[in-house]
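**Q** The structure under discussion is supplied below as structure tokens; questions concerning it will follow.
Chains as they are written, first to last, in our numbering: chain A, 5 to 144; chain B, 2 to 400; chain C, 102 to 249.
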């Protein structure tokens with residue numbers, strides 16, 4: 005296991021970016037902090053700046069107006085960074101894919117490491133997604 | 002003396018640096034102007050609805066906002082069913098009201114948590130969101146999902162609430178009522194919160210009228226409007242409840258209105274479940290063969306205020322035009338009156354008081370010095386400023 | 102609320118009203134020429150204190166319909182003003198001088214349909230990004246996804 009992978013073994017600092025969502029997924033992500041799911045006991049922390057983050061959680065569809073901002077945030081992110089697409093919107097666009105303001109599913113804009121589908125995905129599904137991803141990275 | 006620099010000290014909340022949504026122009030400590038840049042969330046939903054059938058539109062409008070997930074289908078159902086003038090069965094009316102009021106409870110609890118966080122009361126945030134969980138569990142039991150319920154259909158609802166689920170719901174409501182008592186006590190009686198929220202972000206009845214603001218924002222300023230009473234729909238004219246108003250129009254009044262409304266919602270649900278029990282069995286849906294040409298104008302009272310839907314049908318399967326107006330559209334511009342003239346440390350709580358969709362408040366505020374035009378701080382720093390002010394107030398009071 | 106009496110009084114006060122229609126239960130639609138808009142808006146919003154809801158805009162065969170929605174909360178009626186603009190001259194006076202809060206929706210309609218609101222205090226882009234092509238109005242009926 006290389007240096008990069010060992011970085012992700014311990015606690016993860018997560019940055020949440022919504023590029024054009026309906027807030028369902030955002031609320032469920034915040035729910036992860038609250039006493040029922042309490043991801044802080046795993047060492048996962050939500051941070052306020054992309055520069056401190058190990059993981060970038062993206063929700064919502066990429067709209068034409070947020071696309072440049074998304075690219076900016078991704079450029080500022082310290083590499084290596086794990087990108088997780090939460091919800092149906094960044095995975096494929098969901099029901100908004102036929103809209104005129106749709107700027108492509110997330111993986112056409114930035115590289116994505118994991119997809120957690122659902123509308124919204126349950127908090128348990130999000131945790132499961134992150135765990136699966138870490139296990140997969142650990143095997144490499 | 003123009004600029005102020007704030008060093009961000011580890012915010013404990015997911016916030017975004019960009020993109021800008023609100024620009025607050027400040028002169029030293031005082032906010033002098035507010036501008037709103039929007040379109041980031043613009044998904045072209047009204048246009049998407051034109052390519053879906055009337056039935057499919059329910060699933061699209063549910064996802065306009067995750068917190069008011071039921072209110073948009075509610076208003077849309079009121080609009081679309083008014084075109085053929087269909088009367089839905091009693092059971093459907095009651096179930097619709099139950100889901101609508103449950104949503105109001107979960108939304109107000111969410112707001113209390115967020116307001117608590119903005120003020121620096123993170124325990125309130127954790128409590129409120131923890132007490133929300135049983136409500137979301139009940140949603141999952143009744144509708145199949147914690148959010149985005151897909152309960153509504155043209156002519157009625159898609160799922161019934163049997164007696165077993167109703168009994169579970171009654172138990173959860175008892176619990177929520179007790180927890181709401183705790184939150185009311187924590188918020189209403191705290192002298193620091195009085196100091197922070199009273200007299201802050203005041204909107205007069207004339208301001209409300211000028212902007213067309215609705216919901217708790219309007220009711221806190223003494224404007225007695227509520228769609229459920231003014232133009233009753235579903236089961237709201239079959240049960241007894243009252244509209245909560247306050248006079249002062251400041252942030253404290255808005256908090257008070259929301260907290261007390263939760264009790265009314267609990268009472269409405271209890272009465273609806275009683276009526277459902279009496280009704281025992283019945284249809285939950287009226288068959289509607291087609292939607293004739295015409296105009297459907299419908300509205301519903303969401304947790305944030307009146308949601309308005311306007312549908313034009315030409316006899317085909319899809320709407321020709323579907324205009325949607327969420328309550329925040331007329332409530333957010335009121336920041337121009339409530340924030341301007343106040344200090345920046347109050348700006349965060351003023352914007353939260355109107356309860357715009359969570360995503361809206363969090364990622365959008367940027368503060369600019371109005372003389373140099375330079376950006377001074379972002380949303381995270383603004384919230385931190387608000388939390389620091391609470392500390393100062395607490396120290397001054399010797400608590 | 103006696104709607105026939107209300108309509109009669111309104112017609113007497115504003116003889117320029119073209120047509121009135123009770124659309125559904127408690128929904129009234131009044132078709133007026135653009136010249137009458139400011140007067141009736143002032144009467145409804147300031148004198149009768151109706152609540153401003155929103156403005157809808159439709160691209161119909163006959164022209165652009167701009168529909169102003171107001172609510173009479175005392176009776177539960179929703180009152181609607183319908184102004185028809187010709188396709189070749191989509192211009193109308195802005196109502197921001199009467200209804201303060203109408204500013205945003207007029208900017209939105211400018212973006213999505215290309216209607217020009219004269220004397221608007223801030224006729225800037227509202228919804229679309231800076232690089233959205235000028236002259237592209239997605240809600241006009243000629244607009245097709247395939248043409249983009």
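Ideal Cβ placement from N, Cα and C applies to all residues, glycine included.
#1: Could you tell me the boundaries of the beta strand (DSSP E) in which residue 102(C) lies?
#2: Kindly indicate if chain C contains any beta-carbon less than 8 Å away from that of residue 112(A).
#3: Less than 7 Å between C-beta atoms, sequence neighbours within five positions excluded: which residues of the same chain meet that for residue 319(C)?
#4: Give a yes or no on whether the C-beta atoms belonging to residue 174(B) and residue 269(B) are separated by under 8 Å.
#5: Less than 8 Å between the CB atoms is what I'm expecting for residue 345(B) and residue 386(B), so what's the real figure, rounded?
#6: In the segment 125-200 of chain C, which residue ranges form an unbroken beta strand (DSSP E) of at least 3 residues, counting only runs that do not cross its ends?
#7: Consult DSSP for residue 362(B) and reduce its assignment to one of helix, strand or coil.
#8: Give the DSSP-derived three-state secondary structure of residue 75(B) in the structure shown.
#9: What number of angstroms, rounded off, separates the C-alpha of residue 149(B) from the C-alpha of residue 115(A)?
#10: Under 8 Å, do residue 202(B) and residue 315(B) count as touching if we go by C-beta distance?
#11: In the structure shown, what three-state DSSP assignment does residue 387(B) receive?
#12: Within a Cβ cutoff of 6 Å, which residues of the same chain sit near residue 19(A), ignoring the five residues on either side of it in sequence?
#13: Would you mind stating whether residue 3(A) and residue 102(A) have Cβ atoms separated by less than 8 Å?
#14: Can you tell me which residues form a DSSP beta bridge with residue 122(C)?
#15: Is it right to say residue 188(C) is buried, meaning 16 or more other beta carbons lie within 10 angstroms of its own, or is it exposed?
#16: How should residue 293(B) be labelled, buried or exposed, when 16 other C-beta atoms within 10 angstroms of its C-beta is the threshold for buried?
#17: Is the shortest distance between the beta-carbon of residue 364(B) and the beta-carbons of chain A less than 8 Å?
#18: Return yes when the Cβ of residue 86(A) is within less than 8 Å of the Cβ of residue 111(A), no when it is not.
#19: Who are the Cβ neighbours of residue 90(B) in its own chain at under 8 Å, not counting the five residues just before and after it?
#20: At 3 residues or longer, what runs of the beta strand (DSSP E) sit wholly inside the segment 295-324 of chain B?
#21: Relative to chain B, which residues along the segment 148-161 of chain C have a C-beta separation below 9 Å, given in chain order?
#22: Please list, in chain order, the residues of the segment 119-145 of chain B that have any C-beta partner in chain A closer than 7 Å.
#23: Looking at the unbroken beta strand (DSSP E) that takes in residue 37(B), where does it start and where does it end?
#24: Cβ of residue 179(C) within 8 Å of Cβ of residue 128(C)?
#25: On the DSSP letters alone, give me the boundaries of the beta strand (DSSP E) that residue 89(A) sits inside.
#26: Please name the residue or residues paired with residue 18(A) in a DSSP beta bridge.
#27: Looking at the structure shown, is residue 64(A) part of a helix, part of a strand, or coil, going by DSSP?
#28: What distance in whole Å lies between the Cβ atoms of residue 108(C) and residue 121(C), which are believed to be in contact at a cut-off of 8 Å?
#29: Tell me which residue opens and which closes the beta strand (DSSP E) that residue 219(C) is part of.
#30: Could you give the residue range of the beta strand (DSSP E) that holds residue 120(A)?
#31: Near residue 359(B), which residues of its chain fall below 6 Å by C-beta distance, leaving aside the five closest residues on each side in sequence?
#32: Given this structure, state the Cα-to-Cα distance separating residue 231(C) from residue 125(C), to the nearest angstrom.
#33: Throw me the rounded Cβ distance for the residue 248(B) and residue 265(B) pair, which I believe falls under 8 Å.
#34: Evaluate residue 236(C) with the Cβ neighbour count: other Cβ atoms within 10 Å of its Cβ, from every protein chain shown; 16 or more gives buried, anything less gives exposed.
#35: One question on the structure: do residue 202(C) and residue 352(B) come within less than 8 Å of each other, judged by their Cβ atoms?
#36: For residue 199(C) and residue 174(C), I'd like the C-alpha separation in whole angstroms.
**A** Per the coordinate set shown:
#1: As a first step, residue 102(C) must be located in the third chain, where it is residue number 1. Per DSSP, residue 102(C) lies in no beta strand (DSSP E) segment and is marked neither H nor E.
#2: Position 108 of the first chain, counted from the start, is the residue given in the question as residue 112(A). For residue 112(A), the nearest beta carbon of chain C is not closer than 8 Å to its own beta carbon.
#3: Nothing can be reported for residue 319(C), as the shown portion of chain C is limited to 102 through 249.
#4: Taking the second chain and counting its residues from 1, one reaches residue 174(B) at position 173. Taking the second chain and counting its residues from 1, one reaches residue 269(B) at position 268. The answer is no: Cβ separation not under 8 Å.
#5: Here residue 345(B) corresponds to residue number 344 of the second chain, with the count starting at 1. Here residue 386(B) corresponds to residue number 385 of the second chain, with the count starting at 1. With 8 Å as the limit, residue 345(B) and residue 386(B) qualify as a contact, their Cβ atoms being about 6 Å apart.
#6: Counting whole runs of 3 or more residues, the segment 125-200 of chain C contains the beta strand (DSSP E) stretches 128-133, 152-160, 165-173, 178-186, 192-194.
#7: Here residue 362(B) is taken as the residue at index 361 of the second chain, counted from 1. For residue 362(B), the predicted structure reports a pLDDT of 39, less than 50, and the residue's modelled location is therefore unreliable. The matter cannot be settled from this model.
#8: Reading the second chain from its first residue, position 74 is the one you call residue 75(B). Residue 75(B) sits in a helix when the DSSP states are folded into three classes.
#9: Position 148 of the second chain holds residue 149(B). Position 111 of the first chain holds residue 115(A). Cα-Cα distance, rounded: 29 Å.
#10: As a working mapping, residue 202(B) is identified with position 201 in the second chain. As a working mapping, residue 315(B) is identified with position 314 in the second chain. Taking 8 Å as the Cβ cut-off, residue 202(B) and residue 315(B) do not qualify as a contacting pair.
#11: Reading the second chain from its first residue, position 386 is the one you call residue 387(B). Helix, per DSSP.
#12: Numbered from its first residue, the first chain carries residue 19(A) at position 15. For residue 19(A), where only same-chain residues beyond five positions count, the Cβ hits under 6 Å are 51, 54, 57, 60.
#13: The structure shown does not extend to residue 3(A), since chain A is modelled only from 5 through 144, so no value can be given for it.
#14: The sequence position of residue 122(C) within the third chain is 21, counting from 1. Residue 122(C) is bridged by DSSP to 130(C).
#15: Translated into the one-based positions of the third chain, residue 188(C) becomes position 87. Counting other Cβ atoms within 10 Å of its Cβ, residue 188(C) stays below 16 and is therefore classed as exposed.
#16: The count along the second chain starts at 1 and reaches residue 293(B) at position 292. Residue 293(B) comes out exposed.
#17: Sequence index remark: in the second chain, residue 364(B) carries index 363 (1-based). At residue 364(B), the pLDDT of 43 sits below 50, so the modelled position is not reliable; the number obtained from the coordinates is stated separately. Yes, its Cβ sits closer than 8 Å to a Cβ of chain A.
#18: In the first chain, residue 111(A) corresponds to position 107, counting from 1. In the first chain, residue 86(A) corresponds to position 82, counting from 1. It is not a contact, given that the beta carbons lie outside the stated cut-off.
#19: The sequence position of residue 90(B) within the second chain is 89, counting from 1. If you ignore the 5 residues before and after residue 90(B), its C-beta comes within less than 8 Å of the C-beta of 157, 283, 284, 285, 286, 287, all in its own chain and listed in chain order.
#20: Taken in chain order, the whole beta strand (DSSP E) runs of length 3 or more contained in the segment 295-324 of chain B are 295-303, 306-314.
#21: Hits within the stretch, in order: 150, 152, 153, 154, 155, 156, 157, 158, 159, 160, 161.
#22: Listed by position, the residues of the segment 119-145 of chain B near chain A (Cβ gap below 7 Å) are 127, 130, 131, 134.
#23: As a working note, residue 37(B) is residue 36 in the second chain. In the DSSP assignment, residue 37(B) falls within the beta strand (DSSP E) that extends over 31-37.
#24: Numbered from its first residue, the third chain carries residue 179(C) at position 78. Numbered from its first residue, the third chain carries residue 128(C) at position 27. A contact, by the Cβ cut-off of 8 Å.
#25: To locate residue 89(A), count along the first chain from 1; it is residue 85. Its beta strand (DSSP E) spans residues 86-90.
#26: One-based indexing of the first chain puts residue 18(A) at position 14. Its beta-bridge partners are 50(A), 59(A).
#27: On the first chain, position 60 is the one that residue 64(A) refers to. When DSSP states are grouped into helix, strand and coil, residue 64(A) belongs to the strand group.
#28: For the purposes of this step, residue 121(C) is taken as the residue at position 20 of the third chain. For the purposes of this step, residue 108(C) is taken as the residue at position 7 of the third chain. Rounded, the Cβ-Cβ distance is 5 Å, consistent with contact.
#29: For the purposes of this step, residue 219(C) is taken as residue 118 along the third chain, with counting starting at 1. Taken as a continuous stretch (DSSP letters only), the beta strand (DSSP E) holding residue 219(C) covers 217-219.
#30: Along the first chain, one-based indexing puts residue 120(A) at 116. It spans 118-120 - the beta strand (DSSP E) in which residue 120(A) sits, taken as one unbroken run.
#31: Here residue 359(B) corresponds to residue number 358 of the second chain, with the count starting at 1. Caution applies to residue 359(B), whose pLDDT of 44 falls short of 50 and renders its modelled position unreliable; the value that the coordinates give is listed next. So no residue of the chain qualifies.
#32: The sequence position of residue 231(C) within the third chain is 130, counting from 1. The sequence position of residue 125(C) within the third chain is 24, counting from 1. The straight-line gap from Cα to Cα measures roughly 41 Å.
#33: Residue numbering aside, residue 248(B) sits at position 247 when the second chain is read from its first letter. Residue numbering aside, residue 265(B) sits at position 264 when the second chain is read from its first letter. At roughly 18 Å, the Cβ-Cβ gap does not stay under 8 Å, so residue 248(B) and residue 265(B) are not in contact.
#34: Your numbering for residue 236(C) matches position 135 in the third chain. When all chains shown are included, residue 236(C) counts as exposed.
#35: In the third chain, residue 202(C) corresponds to position 101, counting from 1. In the second chain, residue 352(B) corresponds to position 351, counting from 1. Taking 8 Å as the Cβ cut-off, residue 202(C) and residue 352(B) do not qualify as a contacting pair.
#36: Within the third chain, numbered from 1, the residue matching residue 199(C) stands at position 98. Within the third chain, numbered from 1, the residue matching residue 174(C) stands at position 73. A direct Cα-to-Cα measurement between residue 199(C) and residue 174(C) gives close to 19 Å.
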